[in-house]
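Mapping of the sequence shown onto our numbering: position 29 corresponds to residue 36, and the numbering continues sequentially without gaps. Even glycine gets a Cβ: it sits at the ideal position worked out from N, Cα and C.
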Amino acid sequence: MHPISYAAVAGLFASANALPTSDSTIRARDIGKAGRISNFADIPSSADLRWTPCYNRFHCANLEVPLDYENKAAGTTVVAWIRQEAANSSAIDLLFNPGGPGGSGIDYILSGGGDGIIKGTGGKYNVVSFDPRGVNASGIDLTCFPGHPEARDAFAASSGTYSTDQEKYAEAVAYGRWCTAANNKTTVRYAGTVAVVQDMIHYTELQAALNGKKPEDALIWYYGVSYGTVIGQTLAALYPNRLGRVILDANVNGQDHYDGVTDTAVEDADDGMLYFFKVCYEAGPKKCAFAGKSGSAKDIEKRFNDLLAKLEKNPLQSIDPKFGGPSIITKDRLLQILFGALYAPSYYFKDVASALDALETGNATKYLNIEAAATPDNNPGPFNYTINAQGEVLSLVTAIDAAGRYPIDSVDDYVKAVDEIEKTSQWFGEGYAGLNPLINAGMEIIPPKSQLFAGFKKTKTRVPVLFVNTNADPITPLSSAKHMSTFFEGSAVLIQNSGGHSYTNVPSKCTIGHVRSYLETGKVPKDGTVCETDGKPLVDDLSSLSRRGLGMMVSRR
Numbered sequence: 008m009h010p011i012s013y014a015a016v017a018g019l020f021a022s023a024n025a026l027p028t029s030d031s032t033i034r035a036r037d038i039g040k041a042g043r044i045s046n047f048a049d050i051p052s053s054a055d056l057r058w059t060p061c062y063n064r065f066h067c068a069n070l071e072v073p074l075d076y077e078n079k080a081a082g083t084t085v086v087a088w089i090r091q092e093a094a095n096s097s098a099i100d101l102l103f104n105p106g107g108p109g110g111s112g113i114d115y116i117l118s119g120g121g122d123g124i125i126k127g128t129g130g131k132y133n134v135v136s137f138d139p140r141g142v143n144a145s146g147i148d149l150t151c152f153p154g155h156p157e158a159r160d161a162f163a164a165s166s167g168t169y170s171t172d173q174e175k176y177a178e179a180v181a182y183g184r185w186c187t188a189a190n191n192k193t194t195v196r197y198a199g200t201v202a203v204v205q206d207m208i209h210y211t212e213l214q215a216a217l218n219g220k221k222p223e224d225a226l227i228w229y230y231g232v233s234y235g236t237v238i239g240q241t242l243a244a245l246y247p248n249r250l251g252r253v254i255l256d257a258n259v260n261g262q263d264h265y266d267g268v269t270d271t272a273v274e275d276a277d278d279g280m281l282y283f284f285k286v287c288y289e290a291g292p293k294k295c296a297f298a299g300k301s302g303s304a305k306d307i308e309k310r311f312n313d314l315l316a317k318l319e320k321n322p323l324q325s326i327d328p329k330f331g332g333p334s335i336i337t338k339d340r341l342l343q344i345l346f347g348a349l350y351a352p353s354y355y356f357k358d359v360a361s362a363l364d365a366l367e368t369g370n371a372t373k374y375l376n377i378e379a380a381a382t383p384d385n386n387p388g389p390f391n392y393t394i395n396a397q398g399e400v401l402s403l404v405t406a407i408d409a410a411g412r413y414p415i416d417s418v419d420d421y422v423k424a425v426d427e428i429e430k431t432s433q434w435f436g437e438g439y440a441g442l443n444p445l446i447n448a449g450m451e452i453i454p455p456k457s458q459l460f461a462g463f464k465k466t467k468t469r470v471p472v473l474f475v476n477t478n479a480d481p482i483t484p485l486s487s488a489k490h491m492s493t494f495f496e497g498s499a500v501l502i503q504n505s506g507g508h509s510y511t512n513v514p515s516k517c518t519i520g521h522v523r524s525y526l527e528t529g530k531v532p533k534d535g536t537v538c539e540t541d542g543k544p545l546v547d548d549l550s551s552l553s554r555r556g557l558g559m560m561v562s563r564r
């Protein structure tokens with residue numbers, strides 16, 4: 008097993024995963040400098056929905072909501088909202104969540120993501136997003152060190168020095184118990200996924216009233232990616248008669264999420280690498296630097312495995328002063344970077360090819376230059392997560408959602424879980440397995456009764472739910488979409504034949520066409536419909552796609 012530090016544990020709960028916002032952004036109120044209002048602190052909080060022009064072309068609101076909708080005496084918190092209108096709007100608001108737990112919808116829209124969603128959905132729907140409770144500009148301080156962020160940073164810096172299973176499990180339990188005790192009298196327990204869904208219903212009713220319609224008849228239109236699919240699955244389970252449309256892209260196994268261990272999350276990650284080998288071979292050495300003289304995708308795979316074996320035995324060394332000091336490039340370091348790259352093939356595969364070529368030829372400086380240029384500020388890979396502000400959000404939300412269902416009660420349970428998860432991926436299973444089962448160790452943070460999720464059961468929804476998944480997603484496998492679809496009568500799984508975390512990371516007019524048709528008619532395609540893409544990374548020029556694809560978050564979870 009990998010001797011990976013517990014500091015990475017929080018990031019391994021693979022429900023979400025979207026490109027996370029940076030630690031400096033989380034909890035920040037000032038999230039921009041452009042526009043008539045450029046600071047959410049300047050927007051008055053109100054129990055009524057009051058839109059304020061902001062950031063040049065958006066509208067913003069700080070909505071005061073009950074901590075517990077069934078116990079108003081518990082107090083209130085504030086949820087930050089942002090709205091971007093489509094030019095040819097049908098006046099329907101499409102609510103969007105980019106993933107997480109911990110992904111900021113506000114940050115996503117301000118970064119231009121709303122433009123991609125509007126374009127991808129045909130330009131007819133307004134996009135509304137928000138920061139869920141405990142995230143970025145919204146209320147509830149989700150932390151295990153309330154009032155003392157410096158203590159969190161000190162713990163993160165000193166933790167993870169243990170290598171045995173017993174030591175790693177003990178440290179994880181100690182952290183969980185600490186976090187539970189630290190939040191004995193805080194409002195953290197009001198920040199689970201059910202509470203987020205209730206906030207969305209509340210928003211929809213308030214917006215309906217502003218539009219002169221009956222709040223109780225308001226329907227919710229929702230688009231969720233990665234952990235955002237857990238929100239959508241929960242919405243459909245709790246409010247089946249309130250659905251307008253629900254599109255769930257890059258699906259988490261919601262049942263596993265609510266149990267606290269997502270043990271099949273990386274089972275398609277190897278397929279993501281095989282997708283790279285395939286398109287690299289098809290592209291040839293002029294477009295894929297790692298193609299070399301290989302006679303097949305299988306030959307490229309063999310060279311890749313030989314490279315991993317070489318790095319495992321003799322890590323590549325660098326003493327280039329440009330990088331500030333000596334460093335080594337290990338097998339695990341490479342796999343971490345590759346895992347993140349699998350999220351957005353159109354954006355990263357060229358860099359992957361060049362990086363592998365550099366390592367194969369022993370050029371450490373070239374590799375490090377590529378790594379520095381291509382790695383996002385917070386790489387979505389599973390092995391490098393630290394206990395920062397977003398890590399605490401992720402850990403606490405999943406603990407609240409699990410609420411007594413977490414199945415690992417001993418180090419023996421932990422070792423057994425690790426052994427099972429390791430089998431799911433030859434390249435990424437080992438790294439993921441050592442961490443994910445520890446996500447809720449020692450945590451006992453129970454939401455109020457009104458926010459406890461009882462579990463999924465067979466449910467008939469007002470309109471069918473559309474599940475969308477690629478068949479080589481590194482962190483939310485196709486099996487999760489198929490499994491969750493079984494709980495919702497009439498739903499369908501639309502499959503895109505590509506890699507990427509979210510179908511938007513490789514363009515497909517077929518997939519977009521089905522999504523738009525569903526929005527228009529409420530009818531899903533035949534279950535199991537497979538869409539091909541209009542181009543392939545490396546083979547075709549997909550440079551117009553950013554790492555956020557056509558607008559969706561490349562989510563970390």
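Taken in chain order, the complete alpha helix (DSSP H) segments of 4 residues or longer contained in the segment 298-329 are 304-320. Within the DSSP secondary-structure output, Leu102 pairs in a beta bridge with Val135 and Tyr229. Between Val531 and Ser498, the C-beta gap is smaller than 8 Å, which places the two residues in contact. Closest in C-alpha terms to Val400, from the list Asn69, Arg196 and Ala98, comes Arg196. In chain order, Phe297 place their CB closer than 6 Å to the CB of Leu363, counting only its own chain and leaving out the 5 sequence neighbours on each side.
When the Cα atoms are used, Gly119 and Pro105 turn out to be separated by approximately 13 Å.
By the criterion of a C-beta distance shorter than 6 Å, Ile89 is surrounded in its chain by Phe65, Cys67, Ile113, Ile116 and Ser136, once the five residues flanking it on both sides are discounted. Bounds of the beta strand (DSSP E) holding Gly506 are Ala499 to Gly506. About 5 Å separates the CB atoms of Pro481 and Gly279; that is less than 8 Å, so the two are in contact.
If the five residues before and after Thr187 are omitted, its C-beta is found closer than 8 Å to the C-beta atoms of Gly449, Met450, Glu451 and Ile452, all from its own chain and listed in chain order. Nearest in C-alpha terms to Thr536, of all of Leu549, Thr528 and Ala488, is Ala488.
Assignment of beta-bridge partners to Asn476 by DSSP yields Ile502.
DSSP, reduced to helix, strand and coil, places Val201 within a helical segment of the structure shown. The C-beta distance from Leu149 to Leu403 rounds to 5 Å, short enough to meet the 8 Å contact threshold. The criterion of a C-beta distance shorter than 8 Å is satisfied by Gly529 and Val470. The three-state secondary structure of Ile453, taken from DSSP, is coil. Exclusion of the five residues before and after Gly154 leaves no residue of its chain whose Cβ lies closer than 6 Å to its Cβ.
Taking the Cβ atoms as the reference, Thr236 lies roughly 12 Å from Pro484, outside the contact range of under 8 Å. Taken through DSSP and simplified to helix, strand or coil, Ser524 comes out as helix.
Burial state of Thr168 is exposed, judged by a 10 Å Cβ sphere holding fewer than 16 other Cβ atoms.
When only Cα atoms are considered, Leu545 and Ala257 end up about 22 Å apart. For Phe435, there is no enclosing beta strand (DSSP E), as DSSP marks it with neither H nor E.
The segment 78-87 makes no contact with the segment 367-383, as fewer than three CB pairs between them are under 8 Å. The three-state secondary structure of Ser52, taken from DSSP, is strand. Under DSSP, Phe495 shares a beta bridge with Thr466.
Per DSSP, Trp58 lies in no beta strand (DSSP E) segment and is marked neither H nor E. For Ala257, the secondary structure class from DSSP, reduced to helix, strand or coil, is strand. In the same chain as Tyr421, and ignoring 5 residues on each side of it, the C-beta atoms closer than 6 Å to its own belong to Tyr176, Ile415 and Pro444, in chain order. In the three-state reduction of the DSSP assignment, Gly239 falls in the helix class.
By the C-beta criterion, the segment 276-291 is judged to be in contact with the segment 342-359, since at least 3 inter-stretch pairs fall below 8 Å.
Segment contact: the segment 70-77 against the segment 46-55, three or more CB-CB distances shorter than 8 Å; contact assigned.
Taken through DSSP and simplified to helix, strand or coil, Thr171 comes out as coil.
With contact defined as three or more Cβ pairs closer than 8 Å, the segment 337-351 and the segment 502-512 are in contact.
When beta bridges are read from the DSSP output, Glu71 appears opposite Val85. Residue environment: Ala479 is assigned as buried (16 or more neighbouring CB atoms within 10 Å of its CB, all protein chains considered). In summary, Ser417 is exposed, with fewer than 16 beta-carbon neighbours lying within 10 Å of its beta-carbon over all protein chains present.
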